[in-house]
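First up is the structure itself, then whatever we jot down about it.
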Amino acid sequence: MLFHSGKTRPLARALAFHWGLPHGRQLSAFRLDAPRSARWISVAILAAASILIRPLVLRAGQPQPSEKLRVDMNAGQTASQPQSATPLRTLIEEAERNNPQIIAARRAWQAATQVPSQVSTLPDPQFTIQQFTVGSPRPFAGFSNNAFAYIGFGVSEDLPYPGKLRLRGEAAQRDAAARREQVETVRRSVIEQLKATYFRLAYIQQTLGILERDEKLIGQIEKIAEARYRVGQGNQQDVLKAQLQETKILQQLEIHHQIMGSLEAQLKQVLNRPPDSPDITTEEMTETPLTYTSDQLLALVRTQNPAVLTEQQLVRRQSLQVELAHKDFYPDFNVQYMYQRTGLQFRGYYMLTFGVKVPIWRGRKQRPELAQAVEDLASSRREYEAQVQQTYFEVQDQFVKAETGDRLLTIYRQGLIPQATATFNAGLAAYQTGREDFQTLLDSFLDLLNLDIEYWSTLAEHETALARLEQLTGITLQ
120 MLFHSGKTRP LARALAFHWG LPHGRQLSAF RLDAPRSARW ISVAILAAAS ILIRPLVLRA
180 GQPQPSEKLR VDMNAGQTAS QPQSATPLRT LIEEAERNNP QIIAARRAWQ AATQVPSQVS
240 TLPDPQFTIQ QFTVGSPRPF AGFSNNAFAY IGFGVSEDLP YPGKLRLRGE AAQRDAAARR
300 EQVETVRRSV IEQLKATYFR LAYIQQTLGI LERDEKLIGQ IEKIAEARYR VGQGNQQDVL
360 KAQLQETKIL QQLEIHHQIM GSLEAQLKQV LNRPPDSPDI TTEEMTETPL TYTSDQLLAL
420 VRTQNPAVLT EQQLVRRQSL QVELAHKDFY PDFNVQYMYQ RTGLQFRGYY MLTFGVKVPI
480 WRGRKQRPEL AQAVEDLASS RREYEAQVQQ TYFEVQDQFV KAETGDRLLT IYRQGLIPQA
540 TATFNAGLAA YQTGREDFQT LLDSFLDLLN LDIEYWSTLA EHETALARLE QLTGITLQ
């Protein structure tokens, strides 16, 4: 039976709340049958012991701020790292082998390489058989008794004006060269898309590790807030805020899992893998240095950008089309040879025919054709310059993004994240000792969480900008 003295009951309840005992088990050691002096001595000893031991118990139950943060960060990152990550280079090689867009572009180029020999070759010859009868419509009538009846065998060949076939072949070669550059354009575009998706997936996977780490950390902060609330040093609002933040982290985890699934599907599409194939895990991103200046990158645009080179080939092809349109003002030719034979008693006949196809409709055909070719040439030159200027802009834009990202990453590594970590550690220690309010601690926790996520987001954007520069200039950075 508990002691019901008016003085000892509040002290017993305070000690029970102080030690976190259930309401029905409040210091059952204080009994009525104990002597009064012994009871007061026991109460005083327990009270003094509780005051001295309570901070030690709380500290023993919670890791020290710096140690707890370090352990949780390592644990969260280890959990988020894949057991067998797939290197980016391996995926690039797979995409070059299996991506349908690259394969289709390569096939189109191979088909285009077969055109020059076709258009630069003479037209097929035409073989002719003639039979001429005399005195009757029956075949071979009068063949043996009349010198006019005969059987003839001939061949004819069309001969374009000299230079036309060569120009057609060269124009087709330029078409094939443009197709070759288009293959490179498609290949680089697919690789750039693959890299961007890979870096985005790496960012999401890394962020998942950070969120998992901070979910455990906010859980520990919540326990500290509960402990302080139980001993009357905190309030219930602190506990509720910690629980709310933990729920928000759970929400972000679900959203990140959804994004990761979408990125996995996008990678499989680029790699031409079945949808039910195993998921892809990425390596941890590292910063790639940019060793080129802006002027060096811009100088590579006209010589290594495949889209620009494609436009160059189209300009050259159109120049050949102008030359060919000039050639169409000249006539084409036809040569025909015929051998005719009657009966054995008659001599054979031999006939050679030379024909000329004269372009007499110049005002309605050749001149409009030439005007069209000239306008197409001017259009291709403007498109070439537009492509160059567009590529210049993209190179400068991505270069600025990469340089800015490099500076931001340095600021994050050397300034923001260490400062946020130190602020949080100091705030956690101060909160445990009652020298700082919970909202300040929560703000420093959110600063650290957000800066960690921003660092990896900036790193992913930096690597994506470098991948875009590689596509635009043909350089290799990784």
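Numbered per my numbering, the sequence shown spans residues 120 to 597.
Beta carbons are placed, not taken as given, at the ideal position from N, Cα and C, and that holds for glycine.
Residue range of the unbroken alpha helix (DSSP H) whose run includes residue i
i    : result
E334 : K283 to R349
Q355 : Q355 to L390
Q229 : P219 to A231
P235 : V234 to V238
S563 : F557 to T592
T407 : First-last for T407: undefined, no H or E at that position.
T429 : P425 to K446
Euclidean distance between Cα positions of residue i and residue j
i    : j    : result
A579 : N218 : 24 Å
P273 : S239 : Looking at the sequence itself, residue 273 is Gly, so the reference to Pro does not match. Near 25 Å, if we compare the C-alpha coordinates of S239 and G273.
D610 : E504 : Any question about residue 610 goes unanswered here, given that the chain covers just 120 to 597.
I337 : T540 : 14 Å
L207 : P408 : 17 Å
A549 : E373 : 33 Å
T232 : A295 : 5 Å
A346 : T529 : 39 Å
P256 : G462 : 18 Å
P450 : G288 : 19 Å
Q196 : I323 : Because the pLDDT of Q196 is 44, which lies under 50, any placement of that residue in the model is unreliable, and the number read from its coordinates should be weighed accordingly. Distance between the alpha carbons of Q196 and I323 is about 12 Å.
V507 : Q517 : 15 Å
P478 : A260 : 42 Å
P425 : L241 : 33 Å
L598 : V434 : This structure leaves residue 598 out entirely; the chain is present only between 120 and 597.
G282 : Y511 : 38 Å
A492 : T429 : 19 Å
D191 : A418 : In this prediction, D191 has a pLDDT of 41, which is less than 50 and means its spatial position is unreliable; nothing more can be read from the coordinates.
L588 : L327 : 28 Å
V350 : A344 : 10 Å
P393 : R319 : 21 Å
T401 : Q431 : 38 Å
L547 : I378 : 33 Å
Y317 : I222 : 21 Å
Q515 : T542 : 38 Å
F262 : F246 : 22 Å
E334 : R421 : 51 Å
Q423 : V234 : 25 Å
S236 : Y280 : 18 Å
A321 : D566 : 22 Å
F465 : H445 : 50 Å
Minimum C-alpha distance to residue i - residue among the options
i    : options                   : result
E331 : V309, L390 and L369       : L369
T583 : N569, E406, L527 and L428 : E406
W575 : A214, D495 and M404       : M404
Q590 : E513, N569, G534 and Q491 : E513
H375 : V253, A204, Q352 and Q325 : Q325
E213 : Q533, N391 and Y468       : N391
L443 : A290, G328 and E341       : A290
I572 : W480, D414 and Y531       : Y531
E365 : G593, L561 and T595       : L561
I329 : N569, L588 and S413       : N569
I211 : R501, V309 and K335       : V309
P244 : L565, F452, R481 and Q515 : F452
Y469 : T205, V253, Y269 and T559 : Y269
I340 : L596, F564, T577 and G593 : F564
S499 : F267, N544, A297 and V253 : A297
V475 : F448, T410 and F465       : F448
P397 : I594, T592 and T205       : T205
T472 : W480, S275 and E494       : S275
Enclosing beta strand (DSSP E) for residue i [first to last residue]
i    : result
G273 : Y269 to L278
R460 : D451 to R460
F246 : Q245 to F251
Proximity test, residue i beta-carbon vs the ligand FMN heavy atom, cut-off 6 Å
i    : result
Q538 : Absent from the structure shown: the ligand FMN. Ligands present: none.
- Message: Taking contact to mean 3 or more Cβ pairs, one atom from each stretch, closer than 8 Å, check whether the region 212–227 and the region 293–309 are in contact.
- Response: As far as the Cβ criterion goes, the region 212–227 touches the region 293–309, which means the pair count is three or higher.
- For the region 378–389 and the region 552–565, state whether three or more C-beta atom pairs, one from each stretch, are separated by less than 8 Å. Not touching, per the Cβ criterion.
- Message: Does the region 426–439 come into contact with the region 344–357, if we say contact requires no fewer than three beta-carbon pairs (one atom in each stretch) closer than 8 Å?
- Response: With the cut-off at 8 Å, the region 426–439 and the region 344–357 do not touch.
- Query: Does the region 451–471 touch the region 519–533, meaning 3 or more C-beta pairs lie closer than 8 Å?
  - Reply: As far as the Cβ criterion goes, the region 519–533 does not touch the region 451–471, which means the pair count is below three.
- Indicate whether the contact test is met: 3 or more Cβ pairs, each with one atom in the region 308–326 and one in the region 479–498, closer than 8 Å. Contact between the region 308–326 and the region 479–498 is absent, because fewer than three Cβ pairs lie under 8 Å.
- For the region 457–536, list the alpha helix (DSSP H) runs that are entirely contained and at least 4 residues long, ordered along the chain. Taken in chain order, the whole alpha helix (DSSP H) runs of length 4 or more contained in the region 457–536 are 486–530.
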